[in-house]
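Counting with numbering that gives the first Met the number 0, you get residues 0 to 874 for the letters of the first sequence. We put the CB at the ideal spot given by N, CA and C, even for glycine. Here the structure is laid out as structure tokens; the discussion comes afterwards.
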Amino acid sequence: MQISPKYNHIATEKKWYSFWMDNKLFNSVPNEKEPFTIVIPPPNVTGLLHMGHMLNNTLQDILVRRARMLGKNACWVPGTDHASIATEAKVVENLKQKGINKSDISRDEFLKHAWEWTEKYGGGILEQLKKLGCSCDWDRTKFTLDDDMYESVIEAFEILYKKDLIYRGYRMINWDPEAKTTVSDEEVNYIEEDSSLYYLTYSIDNSNKELQIATTRPETIFGDTALCVNPKDERYKDLIGKQAIVPICGRKIPIIADSYVDLEFGTGCLKVTPAHDINDYNLGLKHNLDTIDIFDENAALNYNGLHYQGKDRFVVRKEIEFELKSNNLLLKKENYIHNVGRSERTNAVIEPRLSKQWFLKMNDITKPAIENVLENENIKFFPSKFKSTYKYWLENIKDWNISRQLSWGHQIPVFYYGNKEEYIVAKNKKEALTKINSISKIQYKEDEIIQENDVLDTWFSSWLWPISVFDGIRNPNNKEINYYYPTQDLVTGPDIIFFWVARMIISGYEFRDEKPFSNVYFTGIVRDKLRRKMSKQLGNSPDAIKLIEEYGADSVRVGLMLSSAAGNDLLFDESLCQQGKNFTNKLWNALRLVYGWETDKNKPQPKVNKLALNWYNNKFHNTLELINKNFDNYRISDVLMSSYRLIWDDFCSWLLEIVKPDYGEQIDLKSKNELIKLFENNLKILHPFMPFLTEEIFHNLPDVNDSVPLTISNWPKIENYDQTIVNDFETTKEIISQIRNYRKEKNISFKTSLDLYYLPNNKPLVNIEIIKKIAWIKNLVESSKDDFKMVNSFLIKNYEFFIPLEEGFDKDAEIEKLTKELNYNESFLKSVQNKLKNEKFVKNAPDAIVNLEKQKIVDTEQKIKSLQKSISELS
RNA sequence: GGGCGCUUAGCUCAGUUGGUUUAGAGCACCUCGUUUACACCGAGGGGGUCGGGGGUUCGAAUCCCUCAGCGCCCACCA
């Protein structure tokens, strides 16, 4: 059998993913082993895989695969989120195209459409994650609107309601007059727009005085319920407490004082419209003002708008400007630029609007979330800098508005009866009816009670995710939740630290009195080379699946991980995938090389091989120690880079080159067996990053025992290694580099054998056999300087080596080179000597540091001596 | 406006609680090389006064102050 010269990632990935699935290698059930659990941040059910998902899920897969190899019971729970706002928007849009208006159909009909949509487009993202190689336990796949998940959310609402943590109250929300729905703060874009500032005149009751105010919204005067000035403003002091008359409508409103008003802005006098501005609303609350709503759901004026009733607010703005002007009530109009909130979806100008909403009291339940992250580190953040963001939010936490005026989601389990202001909380209508009739004098019929129309904020189901996927809300003592909870790692973006991470921590302690996870790894945002966020509009986001198809999943994974420190943005460029692909090519060819070797069972192991293999084994465990440490600190990019260099440089460029038999020669059995073992270990540490390629190579290694697939094999155990062997080999590399450099400078072919001379007082070099083989050294001659005319010398650490000169070398250039080096060493020596002359240094610095400096002097003096000799020799 | 953070080689970033010679890596770049694993390669090389200034210290990329530039989050001035 032959190994294909090119690695076929398409066929290989398909083959191994099926193999892993068929053998249920990713499945997990509670057992006696230590659990390692990750719950996926559930992507939008109808979403498609983008670069952010790729980064995030690659990381999770790396952590899960390593945990599995460490012998833990690894369980990665996949699933999707119903994403109420986004999905409902898509469904509404789709219906619109079919000529159906959401407001014309019943809730049940709408939900039917929404489910059809979800079934048609849902779950695609999970299939894409399989292409990436994600080792989720797919039998555990959850969707936030599955019956059991739905019930968990309703149960959680009930529990919190019983604890008196949920209440109904007013809140100013963002109203999209075009879509006729509320939109969340996140869906409002504030854009700087040209506008006008109108200066209006209000007359004062029982006085001939007038007052000027500045406003961008003259059409809202119908909702005015006060004028407000700063109490320190001398101009208006005498007017405070008097009544002003609203232009056109003639209503009397109080003139109040509040330090909120900026003396410098406009006229220093503000008109207060509590129904249509959040700041005015707060002023209204503080000063007990009336609230007059002047708009209907289209943001046209209602009956409060008098003769403007039925006209759109922007039409009214123009017409009222004319009316005010003709009545001499418009003093002036200035150009003005300010931020206008527009709906992300319809681009309509958002109207702030007062509305009844449901809230969760947050202040009472955040204490453990603060203590366990900030005071003790029961939950660790990587990087830890996000702790300050987290802290700031928790310390300034506001009650959570959990209701959304949508249909797609968990319908709030509140049932109204009687005057529709009375309500109870129940799991369903039947239970609600029983409850109501047991407390009410009147006996209601089923059609006389109405369930709250609103659904819960999507995050209200997400915050329960680590608990609800194991059914820990409904059955708090079931076997699964007790085994898998708390989970170990959470991998997510810092953009949802408040929406999701903090709330999961809060809910974990609230519902289970236990953290939801031990570590949070924050990824950065994937950007393009120009640091722009990847977005559909810009079209700068590569097609994730196309990348996988072109480069292979392993190459893309490596590309993503090469430069992704926790919390750092990833500046993605396809060249990163190319680098990943080059690495797969390198590994594939290492396999091809080893695969092609013929073995001689009777050949004794050459000393060179023994030295090299022993070195690599030590180097491997030295690096493995670093890798394990970096894994523990979630320095995943560093892990990959260490592995990359270990395998490319140390394994391929050094070890394989040394052990590689000469043309026509065979390799001895012992070397080959040892090498295969080392190769296998390399594959293991790479497996979490490159699962497909490593599994494929592993099964193709000659004479390997591959009865256990790499995916469930054991992570290499650290063996004691000898640091001096590792260090000595570094010296060896340097010497070989110097010899190569010498050849290059002197234009000597690498095939030409050289003699290498060394001084008798040199310490013997352990790896001299390797130097001879790799650097093509014919003879190693112990010598004294008098023996030969020296042409070049190179000094590495404490060793001195010489190569005899050919005829006709450039003597002056050689002297110049040596003199340059001499000068450097002399000035270096001086600086070290000065340091040691400093009594304070010698007194205060630790002995180890001082000794180090002393050693520097010894070494440098020796170098200088040798350089001086060489120069005089040449002159 | 309030809060948090960043600034180290052309680019992306390490630098583990101040001390291992002259601050590291990957990529990119330059030179040479098609040798039977790999040109998706090999060998070699150049490149940084650690954003500016000041301070603490025997010693600062690392700690403090200050200035400059950049980024993110929250609020969103009528």
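Item checked: Complete runs of the alpha helix (DSSP H) confined to the region 465-502 [at least 4 residues] -> The region 465-502 contains these whole alpha helix (DSSP H) runs: 478-483.
Check: Is it right to say Y307 is buried, meaning 16 or more other beta carbons lie within 10 angstroms of its own, or is it exposed?
Finding: With a 10 Å radius around the Cβ and a threshold of 16 neighbouring Cβ atoms, Y307 comes out buried.
Item checked: Whole-number beta carbon distance between L359 and I165, since they are thought to touch under 8 Å -> That pair is a contact at about 6 Å.
Note to self: I'd like to know if the region 338-348 and the region 183-192 are in contact, where contact means that at least 3 CB-CB pairs between them fall below 8 Å.
What the structure shows: Yes, they touch.
Checklist line | Backbone secondary structure at Q59 - three-state DSSP | finding: Q59: helix per DSSP, three-state reduction.
Next item on the list: Using only alpha-carbon positions, find the residue among D631, E860, N632 and E656 that is nearest to L612.
Entry: Of the residues D631, E860, N632 and E656, the one whose Cα lies closest to the Cα of L612 is E656.
Margin query: If you reduce the DSSP assignment to three classes, tell me which class Q404 lands in.
Written below: Coil, per DSSP.
Checklist line | Residue span of the alpha helix (DSSP H) that contains C576, given as start and end | finding: C576 -> alpha helix (DSSP H) spans E573 to Y594.
Next item on the list: Could you check what DSSP says for T215 in three-state terms: helix, strand or coil?
Entry: Three-state DSSP puts T215 in coil, outside helix and strand.
Check: Between which two residues does the beta strand (DSSP E) harbouring D721 extend?
Finding: In the DSSP annotation of this structure, D721 is not part of any beta strand (DSSP E), being labelled neither H nor E.
Notebook entry, point to check: Which runs of the alpha helix (DSSP H) spanning at least 4 residues fall entirely within the region 62-110, listed in chain order?
Noted result: Runs of the alpha helix (DSSP H) lying entirely within the region 62-110, each at least 4 residues long, are 83-96 in chain order.
Item checked: For D649, the three-state DSSP class (helix, strand or coil) -> In the structure shown, the three-state DSSP call for D649 is helix.
Check: Taking DSSP as the reference, what is the three-state secondary structure of M171?
Finding: M171: strand per DSSP, three-state reduction.
Check: So, using beta-carbon positions, are S27 and N55 closer together than 8 Å?
Finding: No, they are not a contact pair.
Item checked: Boundaries (first-last residue) of the beta strand (DSSP E) holding E513 -> For E513, no beta strand (DSSP E) encloses it, and the DSSP letter there is neither H nor E.
Item checked: Beta-carbon proximity of M171 to Y259, cut-off 8 Å -> No, they are not a contact pair.
Notebook entry, point to check: Thinking C-beta only, is N297 closer than 8 Å to P176?
Noted result: For the pair P176 and N297, the CB atoms are nearer than the 8 Å cut-off.
Notebook entry, point to check: In its own chain, which residues sit with a C-beta less than 8 Å from the C-beta of I441, not counting the 5 before and 5 after it?
Noted result: These residues qualify, in order along the chain: G417.
Next item on the list: Quick one: grab the DSSP three-state call for R352.
Entry: In the structure shown, the three-state DSSP call for R352 is strand.
Margin query: Looking only at its chain, what residues have a beta carbon closer than 8 Å to the beta carbon of W499, apart from the 5 residues adjacent to it on each side?
Written below: Here the set comprises P40, W458, S461, W462 and T491.
Next item on the list: Round the Cβ separation of S517 and K379 to the nearest angstrom and send it over; I've been treating them as touching at under 8 Å.
Entry: Taking 8 Å as the upper bound for CB-CB distance, S517 and K379 are in contact here, some 7 Å apart.
Note to self: Quick check on this structure: which residue in N287, K600 and D648 has the alpha carbon closest to the alpha carbon of T272?
What the structure shows: Minimum Cα distance to T272 is reached at N287.
Notebook entry, point to check: Would K130 pass as a contact of I547 if the rule is Cβ separation under 8 Å?
Noted result: Against a cut-off of 8 Å, the Cβ pair of I547 and K130 comes out as a contact.
Item checked: Best match in D568, S554 and A565 for proximity to S574 [C-alpha to C-alpha] -> Its Cα nearest to that of S574, the residue S554 stands out among D568, S554 and A565.
Checklist line | Per-residue burial, A847 [other beta carbons within 10 Å of its own, 16 or more giving buried] | finding: Under a 10 Å Cβ-count criterion, A847 is classified as exposed, with fewer than 16 other Cβ atoms of the shown protein chains found around its own Cβ.
Check: According to DSSP, which residues form a beta bridge with W399?
Finding: Paired residues: L359.
Notebook entry, point to check: By the 10 Å Cβ neighbour count, where 16 or more other Cβ atoms means buried, how is N617 classified, buried or exposed?
Noted result: By the neighbour-count criterion, in which 16 or more other beta carbons inside 10 Å mark a residue as buried, N617 falls on the buried side.
Next item on the list: Let me know the secondary structure DSSP gives S325 once reduced to three states.
Entry: For S325, the secondary structure class from DSSP, reduced to helix, strand or coil, is helix.
Next item on the list: Using 10 angstroms around the beta-carbon of T433, count the other beta-carbons present and answer buried if the total reaches 16, otherwise exposed.
Entry: So T433 counts as exposed.
Check: Would you report the Cα separation of P845 and Q832, rounded to the nearest angstrom?
Finding: About 17 Å.
Next item on the list: For N43, write down the residues that DSSP places opposite it in a beta bridge.
Entry: For N43, which the question treats as bridged, DSSP gives the partners D80.
Note to self: Mapping the DSSP letters down to three states, classify D193 as helix, strand or coil.
What the structure shows: In the structure shown, D193 sits in a strand (DSSP, three-state: E or B).
Notebook entry, point to check: Going by the CB atoms, is the gap between T522 and S562 shorter than 8 Å?
Noted result: Cβ distance not < 8 Å, so S562 and T522 don't count as in contact.
Checklist line | Run of the alpha helix (DSSP H) containing F381, from where it starts to where it stops | finding: For F381, there is no enclosing alpha helix (DSSP H); the enclosing beta strand (DSSP E) has its first and last residue at K379 to F381.
Notebook entry, point to check: What three-state label does DSSP hand Q308 in the structure shown?
Noted result: In the three-state reduction of the DSSP assignment, Q308 falls in the coil class.
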